[in-house]
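Enquirer:
Protein chains: 2
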Amino acid sequence: MSSIEELQEKVATLESELQRHKNAGGRGKIEKMSAEVVDSNPYSRLMALQRMGIVTEYERIRGKSVAVVGVGGVGSVTADMLTRCGIGKLILFDYDKVELANMNRLFYTPDQAGLSKVEAAARTLSFINPDVEILTNNYNITLVEHFDQFMSTISTGGIDGKSPVDLVLSCVDNFEARMAINTACNELNLNWYESGVSENAVSGHIQLIKPGETACFACAPPLIVAENIDEKTLKRDGVCAASLPTTMGIVAGLLVQNALKYLLGFGEVSDYLGYSALNDFFPKITLRPNKTCEDRFCIQRQKEFELKPKPEAPVVEEASNEPLHEDNEFGIEIINESVEEKGAPQSQGQGLRYAYESGDAHSEPSAPPEPSGADDVSLEELMAQMKKI
Amino acid sequence: MSSIEELQEKVATLESELQRHKNAGGRGKIEKMSAEVVDSNPYSRLMALQRMGIVTEYERIRGKSVAVVGVGGVGSVTADMLTRCGIGKLILFDYDKVELANMNRLFYTPDQAGLSKVEAAARTLSFINPDVEILTNNYNITLVEHFDQFMSTISTGGIDGKSPVDLVLSCVDNFEARMAINTACNELNLNWYESGVSENAVSGHIQLIKPGETACFACAPPLIVAENIDEKTLKRDGVCAASLPTTMGIVAGLLVQNALKYLLGFGEVSDYLGYSALNDFFPKITLRPNKTCEDRFCIQRQKEFELKPKPEAPVVEEASNEPLHEDNEFGIEIINESVEEKGAPQSQGQGLRYAYESGDAHSEPSAPPEPSGADDVSLEELMAQMKKI
Numbered sequence: 001m002s003s004i005e006e007l008q009e010k011v012a013t014l015e016s017e018l019q020r021h022k023n024a025g026g027r028g029k030i031e032k033m034s035a036e037v038v039d040s041n042p043y044s045r046l047m048a049l050q051r052m053g054i055v056t057e058y059e060r061i062r063g064k065s066v067a068v069v070g071v072g073g074v075g076s077v078t079a080d081m082l083t084r085c086g087i088g089k090l091i092l093f094d095y096d097k098v099e100l101a102n103m104n105r106l107f108y109t110p111d112q113a114g115l116s117k118v119e120a121a122a123r124t125l126s127f128i129n130p131d132v133e134i135l136t137n138n139y140n141i142t143l144v145e146h147f148d149q150f151m152s153t154i155s156t157g158g159i160d161g162k163s164p165v166d167l168v169l170s171c172v173d174n175f176e177a178r179m180a181i182n183t184a185c186n187e188l189n190l191n192w193y194e195s196g197v198s199e200n201a202v203s204g205h206i207q208l209i210k211p212g213e214t215a216c217f218a219c220a221p222p223l224i225v226a227e228n229i230d231e232k233t234l235k236r237d238g239v240c241a242a243s244l245p246t247t248m249g250i251v252a253g254l255l256v257q258n259a260l261k262y263l264l265g266f267g268e269v270s271d272y273l274g275y276s277a278l279n280d281f282f283p284k285i286t287l288r289p290n291k292t293c294e295d296r297f298c299i300q301r302q303k304e305f306e307l308k309p310k311p312e313a314p315v316v317e318e319a320s321n322e323p324l325h326e327d328n329e330f331g332i333e334i335i336n337e338s339v340e341e342k343g344a345p346q347s348q349g350q351g352l353r354y355a356y357e358s359g360d361a362h363s364e365p366s367a368p369p370e371p372s373g374a375d376d377v378s379l380e381e382l383m384a385q386m387k388k389i
Numbered sequence: 001m002s003s004i005e006e007l008q009e010k011v012a013t014l015e016s017e018l019q020r021h022k023n024a025g026g027r028g029k030i031e032k033m034s035a036e037v038v039d040s041n042p043y044s045r046l047m048a049l050q051r052m053g054i055v056t057e058y059e060r061i062r063g064k065s066v067a068v069v070g071v072g073g074v075g076s077v078t079a080d081m082l083t084r085c086g087i088g089k090l091i092l093f094d095y096d097k098v099e100l101a102n103m104n105r106l107f108y109t110p111d112q113a114g115l116s117k118v119e120a121a122a123r124t125l126s127f128i129n130p131d132v133e134i135l136t137n138n139y140n141i142t143l144v145e146h147f148d149q150f151m152s153t154i155s156t157g158g159i160d161g162k163s164p165v166d167l168v169l170s171c172v173d174n175f176e177a178r179m180a181i182n183t184a185c186n187e188l189n190l191n192w193y194e195s196g197v198s199e200n201a202v203s204g205h206i207q208l209i210k211p212g213e214t215a216c217f218a219c220a221p222p223l224i225v226a227e228n229i230d231e232k233t234l235k236r237d238g239v240c241a242a243s244l245p246t247t248m249g250i251v252a253g254l255l256v257q258n259a260l261k262y263l264l265g266f267g268e269v270s271d272y273l274g275y276s277a278l279n280d281f282f283p284k285i286t287l288r289p290n291k292t293c294e295d296r297f298c299i300q301r302q303k304e305f306e307l308k309p310k311p312e313a314p315v316v317e318e319a320s321n322e323p324l325h326e327d328n329e330f331g332i333e334i335i336n337e338s339v340e341e342k343g344a345p346q347s348q349g350q351g352l353r354y355a356y357e358s359g360d361a362h363s364e365p366s367a368p369p370e371p372s373g374a375d376d377v378s379l380e381e382l383m384a385q386m387k388k389i
């Protein structure tokens, strides 16, 4: 039998080792972002964006609040990136649990299996960056009893706890949840980014929805969700959607990159950006709202937007109520992205914008010729294209 | 003073709590990848790629070995993605330590500050997926005393420990390391992907180098490294390059996605794919090797490639030794990517390939018209474009 002294020594050793495991190297909070170039400064590489002329006053990010709805394959990486960028406040929504079946995507680790996703995410994120305020909401926003709670959370989720969040990022995997976010954001007049990855794991997209200004999710559902699928429905049949950490990481990266551009005001914020992994194809378009959209708040926002003075922007062509094409059941029009851009040439016409044309690499006075038919892309062609990629 | 019984009880409690912290939920090895759709199967979403018709025999990935040189902002995420995809073997190279200044990028956590990057990465990766064999190399490959070690490690790093690795992924941040990889891969005749992110954090690229077939890193250095910078040089001057988790995550995603396509034979593998974050522009090109490249093994591989029969591929236009343009000091030619593609139309001419044209969305018999000058892009124009994005 050991002596009391030996046992006391062992207790002390174990307690100290355990303490190391529990506290393992987490850092304290940092009062102000510093640009100082020392190994111990987690913000030096971000503050360098100012010296490089990319962002003015990077520290404004601490005043921003973002809601991430769905913290699975895309949402968890989205939250991770925003946390490492030092966002002021993150509000997470999900009601799922971490499973080993999620380990083929980034972020979660096997020891978190069984934990709620929001709880597991919040723990990891707070450990990575304790400066970020993280709030978790562990419920299904599509259920009647939680929808109002979701609405009130995002409408008072700003950094001050009174104003709305600065942006909502949708990273959900099903139609109902997207429609719930759409309904809420149309009513609250909040801008949000929709994102998605196809069930075959090799394509994805992000889409900025500005109520009244760009097509809402109800304006054009088939185009957007054509390849999305509800995991729960599938699993009942003993099958599951494919997923890849690559596609989900890329979609999260494009989503957060555009969110940063939107929040901090640099670069061009993309409205719709697609990604097709099989051929590295990245289509960019802008969808105008549907004048016959069934969401009454979308219609109201469209009227408000029409009345709003457009400083410096060119006159947006008045669209008729009639669909552009015979079979255009949603009455969607495609407008040129450059309409929203300061100083962009107005002669590009309507239609799909070519990635190549969009590069500022083209500084020659003569614009590249428009491909035939670019200003006359039918909705059917576009939908067929989107389904294929 | 506590009794011996009380102390013994305390020791037992502490030991068990410590054990939980140490082992926390890591999973055991899995003998064979299963497609079974259960929450406990970490491979179900990857095996689903087979049912979706994307990949045949996904499990072949267990027979693949990949070297990742540099496990910083791009390399660590690259290794994470490959690990979660269940790659057979990963060989990591780096000689740096984790710092808090790295926390603005994905993967590393604050408790790892001070550990060597390869050691920290290997611990996390083995915990995420114990099925992956992970080897670490903690040295600088550019030093004379380590270069041979690097050569022999990648030339015998295959899954069988005798043949070479299946692919080398360069995720380094400086010119010398890229040149070292280039020299080794030209001599060993190994295909590799170069990757990089600009010092202003808002652009990046990946480039597949097949010795003798596409331009090697010595064939066209200024085009590739124009915006890259050595962190160590900068830090001496009290400045640092900017970096973002978004750009680095996207570049890692594009790199691993193309590595998966290359290793498992699906989709089209991109030769050079750029990414400009400010305008979501993704240029795709193929660079032909420089006939006057200073790397003698590159010249040798070019001769071997010329003699190799090209099954089904169209005759590659014989390029003269003379530069195409007066000031083309590197004698680089740009060839059309479609040369390497089965069944791609041959009428597209040379030059930059438009992302829009590359979509299989275009099934119409009439190809879109070529923009003027597309088959006559000068190297100077191209370099100017690459520098701008």
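Just so you know, the sequences run in chain order A and B. Count the first sequence with the numbering used here and you get residues 1 to 389, in order. Count the second sequence with the numbering used here and you get residues 1 to 389, in order. Every residue gets a Cβ at the ideal spot worked out from N, C-alpha and C, and that includes glycine. Because the structure is a prediction, the values reported are computed rather than measured.
What are the boundary residues of the alpha helix (DSSP H) that Leu188/B is part of?
Expert: Run containing Leu188/B: Phe175 to Leu188, per the alpha helix (DSSP H) assignment.
Enquirer: Residues of the region 267–284 of chain A in Cβ contact with chain B at a cutoff of 8 Å, in chain order, please.
Expert: The region 267–284 of chain A vs chain B, Cβ under 8 Å: Gly267, Glu268, Ser270, Leu273, Ser276, Ala277, Leu278, Asn279, Asp280, Phe281, Phe282, Pro283 and Lys284.
Enquirer: When you check each C-beta in the region 196–210 of chain B against every C-beta of chain A, which residues fall closer than 8 Å?
Expert: Cβ contacts with chain A: Glu199, Asn200, Ala201 and Val202.
Enquirer: Let's see if you can read the secondary structure: which residues bound the alpha helix (DSSP H) around Thr83/A?
Expert: Run containing Thr83/A: Gly75 to Arg84, per the alpha helix (DSSP H) assignment.
Enquirer: Please check the pair Val69/B and Phe93/B, which I expect to be a contact at CB under 8 Å, by giving their CB distance rounded to whole angstroms.
Expert: So it is a contact: roughly 5 Å between Cβ atoms.
Enquirer: Thr286/A by DSSP, collapsed to three states: which one?
Expert: Strand.
Enquirer: Which runs of the beta strand (DSSP E) fall wholly inside the region 84–115 of chain A and span at least 3 residues, in chain order?
Expert: Runs found: 89–93.
Enquirer: List the residues that DSSP assigns as beta-bridge partners of Ala67/B.
Expert: Ala67/B is bridged to Ile91/B and Val168/B.
Enquirer: Mapping the DSSP letters down to three states, classify Phe281/A as helix, strand or coil.
Expert: Reduced to three states, the DSSP call for Phe281/A is strand.
Enquirer: Kindly indicate the opening and closing residues of the alpha helix (DSSP H) around Ile250/A.
Expert: Run containing Ile250/A: Pro245 to Leu264, per the alpha helix (DSSP H) assignment.
Enquirer: For Asn191/A, which residues in the same chain have their Cβ closer than 8 Å to its Cβ, ignoring the five residues on either side in sequence?
Expert: Leu167, Val168, Cys185, Leu208, Ile209, Lys210, Pro211 and Tyr262.
Enquirer: Run down chain A in chain order and give the residues with a C-beta less than 9 Å from the C-beta of Arg60/B.
Expert: Ordered by position in chain A, no residue passes the 9 Å Cβ test against Arg60/B, which lies about 16 Å from the chain.
Enquirer: Kindly indicate if chain A contains any beta-carbon less than 8 Å away from that of Asp39/B.
Expert: By this cut-off, Asp39/B is an interface position.
Enquirer: By Cβ distance, which residues of its chain are closer than 7 Å to Lys162/B, with the 5 residues on each side in sequence left out?
Expert: Counting only Cβ-Cβ distances below 7 Å, and skipping sequence neighbours, we find Thr156.
Enquirer: According to DSSP, simplified to helix, strand and coil, what is Val197/B?
Expert: It is a strand residue.
Enquirer: From Cys85/B to Glu5/B, what does the alpha carbon distance come to, in whole angstroms?
Expert: Straight-line Cα distance between these residues: approximately 50 Å.
Enquirer: Return the chain-ordered list of same chain residues with a C-beta closer than 6 Å to the C-beta of Glu187/A, the five sequence neighbours on each side being excluded.
Expert: Cβ neighbours of Glu187/A beyond the five flanking positions: Phe297.
Enquirer: By how many angstroms is the C-alpha of Ser195/B removed from the C-alpha of Leu260/B?
Expert: The straight-line gap from Cα to Cα measures roughly 15 Å.
Enquirer: Given this structure, state the Cα-to-Cα distance separating Asp148/A from Thr292/A, to the nearest angstrom.
Expert: Cα to Cα, the separation comes out at about 26 Å.
Enquirer: Give the interface partners of Glu99/A over in chain B, defined as CB-CB distance under 8 Å, in chain order.
Expert: Simply Asp39 and Ser40.
Enquirer: Taking the alpha-carbon positions, what's the Arg51/A to Arg27/A distance?
Expert: C-alpha separation (whole angstroms): 26 Å.
Enquirer: In chain B, which residues lie with their C-beta within 7 Å of the C-beta of Val11/A?
Expert: Near Val11/A (Cβ distances below 7 Å), the residues of chain B are Leu7, Lys10, Val11 and Leu14.
Enquirer: I'd like the span of the alpha helix (DSSP H) that includes Glu304/B, first residue to last.
Expert: Taken as a continuous stretch (DSSP letters only), the alpha helix (DSSP H) holding Glu304/B covers Arg296 to Leu307.
Enquirer: Report the rounded CA-to-CA distance for Asn182/B versus Thr13/A, giving the unit in angstroms.
Expert: Each residue's Cα considered, the two are about 50 Å apart.
Enquirer: Count the other CB atoms within 10 Å of the CB of Thr153/A; is the residue buried (16 or more) or exposed (fewer)?
Expert: When all chains shown are included, Thr153/A counts as buried.
Enquirer: For Gly204/A, tell me which candidate among Glu133/A, Ala218/A and Gly274/A has the shortest Cα-Cα distance.
Expert: Minimum Cα distance to Gly204/A is reached at Gly274/A.
Enquirer: What is the DSSP secondary structure of Leu46/A, reduced to helix, strand or coil?
Expert: Three-state result, Leu46/A: helix.
Enquirer: If the criterion is Cβ atoms closer than 8 Å, does the pair Val202/B and Ala122/B meet it?
Expert: Contact: no.
Enquirer: To the nearest whole angstrom, what separates the beta carbons of Lys64/B and Asp96/B, a pair I think is in contact under 8 Å?
Expert: Incorrect: roughly 26 Å between the Cβ atoms, too far for contact.
Enquirer: If Asn258/A and Val269/A are in contact, beta carbons under 8 Å, what's the gap, nearest whole angstrom?
Expert: Indeed they touch by this definition, with Cβ atoms about 6 Å apart.
Enquirer: Determine the chain B residues that contact Met33/A at a beta-carbon separation under 7 Å, and present them in chain order.
Expert: Under the 7 Å cutoff, chain B gives no residues; its nearest Cβ is about 11 Å from Met33/A.
Enquirer: Using a Cβ-Cβ cut-off of 7 Å (strictly less than) and excluding sequence neighbours within five positions of Lys10/A, which residues of its own chain qualify?
Expert: Around Lys10/A: no qualifying Cβ.
Enquirer: In the region 117–172 of chain B, which residue ranges form an unbroken alpha helix (DSSP H) of at least 4 residues, counting only runs that do not cross its ends?
Expert: Taking only runs of at least 4 residues, the alpha helix (DSSP H) segments lying wholly in the region 117–172 of chain B are 117–128 and 144–155.
Enquirer: In whole angstroms, what separates the C-alpha of Gly72/B from that of Gly238/A?
Expert: Going from the Cα of Gly72/B to the Cα of Gly238/A covers about 39 Å.
Enquirer: According to DSSP, is Ile4/A part of a helix, a strand, or is it coil?
Expert: If DSSP states are grouped into helix, strand and coil, Ile4/A belongs with the helices.
Enquirer: To the nearest angstrom, how far is the alpha carbon of Ala79/B from that of Arg62/B?
Expert: Between Ala79/B and Arg62/B, the C-alpha separation is close to 15 Å.
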